[in-house]
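Reminder that position 23 of the sequence shown reads as 547 in our numbering, one-by-one numbering, no gaps. First up is the structure itself, then whatever we jot down about it.
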Amino acid sequence: MSAATSCELPDVSRRVLQLQVLTIVWMTVEAVVSLGSAWSSHSPALFAFGGDSLIELLSAAVVFWRFRFELNEARAARIAGVLLFGLAGLVMLTSVLNLLGYREAQRSLVGIGILLAAAVAMPWLASRKRKLAVVTSSAALKADAAESALCGYMAWIALAGLMINAIGGKSWADPVAAVALTPLVLREGWIAVHSSKLACDCCTT
């Protein structure tokens with residue numbers, strides 16, 4: 525019997541795979557729309573959010589691979605954590621450049637729309653993943669759930685920055701919102717990397 529099927533019920537694994545496919549589809553749409561809007565509006569908050577969407581897409585793919593093809597659990601959790609650290613660097617770089625006057629963020633109604641959708645969708649996905657992570661004892665899925673939750677937080681913070689810019693004309697609110705996301709990103713990255721050290725294959729115990 526394989527490692528995955530001996531440790532996890534087939535029905536639970538199937539639910540995880542279905543949830544990850546849904547995440548991959550949504551994050552693809554989210555990334556394309558967010559990055560496209562970021563490019564047209566010069567918004568670091570949207571760029572950071574779009575970067576998070578790409579990393580969440582990769583993270584979902586890693587977890588899908590772990591449950592579908594039995595990728596090592598600790599390695600999957602470690603990859604998810606490293607991706608989050610990469611995102612933190614991306615957020616800081618784009619925000620600092622904007623605050624230094626490299627580019628001034630413009631209003632983006634499309635960006636506001638995708639952020640509103642993400643603010644609703646991502647907490648729901650995170651909740652579902654957390655429940656399945658408990659059932660499967662998967663550190664990688666737990667880290668992916670944290671990334672989904674973080675994406676929801678980022679959506680609200682970025683949305684606040686874009687709304688202040690759109691309504692009040694305060695372009696600095698956009699990069700400030702992006703900088704405010706960085707501690708959350710670093711915290712979740714540390715948790716994911718630390719969880720990879722604690723992860724154990726239930727079939728070896």
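Glycine included, every Cβ here is placed at the ideal spot set by N, Cα and C.
Kindly give me the distance between the Cβ atoms of residue i and residue j, rounded to whole angstroms, as I take these residues to be in contact under 8 Å.
{"i": "L656", "j": "V549", "result": "At roughly 18 Å, the Cβ-Cβ gap does not stay under 8 Å, so L656 and V549 are not in contact."}
{"i": "V615", "j": "A572", "result": "4 Å"}
{"i": "M687", "j": "I636", "result": "7 Å"}
{"i": "L649", "j": "V709", "result": "Not really, about 18 Å apart at Cβ, beyond 8 Å."}
{"i": "G574", "j": "A584", "result": "Contact doesn't hold; Cβ gap of about 15 Å is too wide."}
{"i": "G676", "j": "P707", "result": "About 16 Å; that fails the 8 Å criterion."}
{"i": "V815", "j": "A697", "result": "Since the first and last residues shown for the chain are 525 and 729, residue 815 lies out of range."}
{"i": "R652", "j": "L543", "result": "6 Å"}
Helix, strand or coil, according to DSSP, for residue i in the structure here?
{"i": "C726", "result": "Because the pLDDT of C726 is 43, which lies under 50, any placement of that residue in the model is unreliable, and the number read from its coordinates should be weighed accordingly. It is helical."}
{"i": "R631", "result": "coil"}
{"i": "H566", "result": "coil"}
{"i": "S695", "result": "coil"}
{"i": "S661", "result": "coil"}
{"i": "L674", "result": "helix"}
{"i": "L617", "result": "helix"}
{"i": "L624", "result": "coil"}
{"i": "S526", "result": "Bear in mind that the predicted position of S526 carries a pLDDT of just 43, short of 50, making it unreliable; the figure below should be weighed with that in mind. If DSSP states are grouped into helix, strand and coil, S526 belongs with coil."}
Can we count residue i as close to the ligand PLP, meaning its CB is less than 8 Å from some heavy atom?
{"i": "V553", "result": "This structure does not include the ligand PLP; it has no bound ligands of any sort."}
For residue i, count neighbouring C-beta atoms within 10 Å of its own C-beta (all shown protein chains included) and say buried if the count is 16 or more, exposed if not.
{"i": "K666", "result": "buried"}
{"i": "I603", "result": "buried"}
{"i": "I691", "result": "exposed"}
{"i": "V658", "result": "exposed"}
{"i": "P699", "result": "buried"}
{"i": "D668", "result": "buried"}
{"i": "G693", "result": "exposed"}
{"i": "F588", "result": "buried"}
{"i": "G613", "result": "exposed"}
{"i": "S564", "result": "exposed"}
{"i": "L633", "result": "exposed"}
{"i": "L640", "result": "exposed"}
{"i": "L624", "result": "exposed"}
From this set, the options, which residue's C-alpha is nearest residue i's C-alpha?
{"i": "L485", "options": "R631, R599, D576", "result": "Within the shown structure, residues of the chain are numbered from 525 to 729, placing residue 485 beyond reach of any answer."}
{"i": "N622", "options": "T552, A679, S567, A704", "result": "S567"}
{"i": "G713", "options": "L674, K694, R538, I688", "result": "L674"}
{"i": "W654", "options": "L640, A641, A643, S672", "result": "Here residue 654 is Arg; the residue named in the question, Trp, does not match the sequence. Checking every option, the nearest Cα to that of R654 belongs to S672."}
{"i": "E767", "options": "D668, Q630, A643, T706", "result": "Not covered by the structure: residue 767. The range shown for the chain is 525 to 729."}
{"i": "V545", "options": "I636, G613, A701, R590", "result": "R590"}
{"i": "T552", "options": "L611, Q630, L578, W648", "result": "L578"}
{"i": "Q630", "options": "L582, L570, R652", "result": "L570"}
{"i": "E580", "options": "V620, P534, L683, M678", "result": "M678"}
{"i": "V620", "options": "P707, L640, V703", "result": "V703"}
{"i": "L559", "options": "F593, T618, S695", "result": "T618"}
{"i": "A645", "options": "S662, S661, W680", "result": "W680"}
{"i": "P534", "options": "A684, A682, T660, V717", "result": "T660"}
{"i": "V717", "options": "T547, R599, A682, V557", "result": "R599"}
{"i": "A684", "options": "V557, F593, A701", "result": "A701"}
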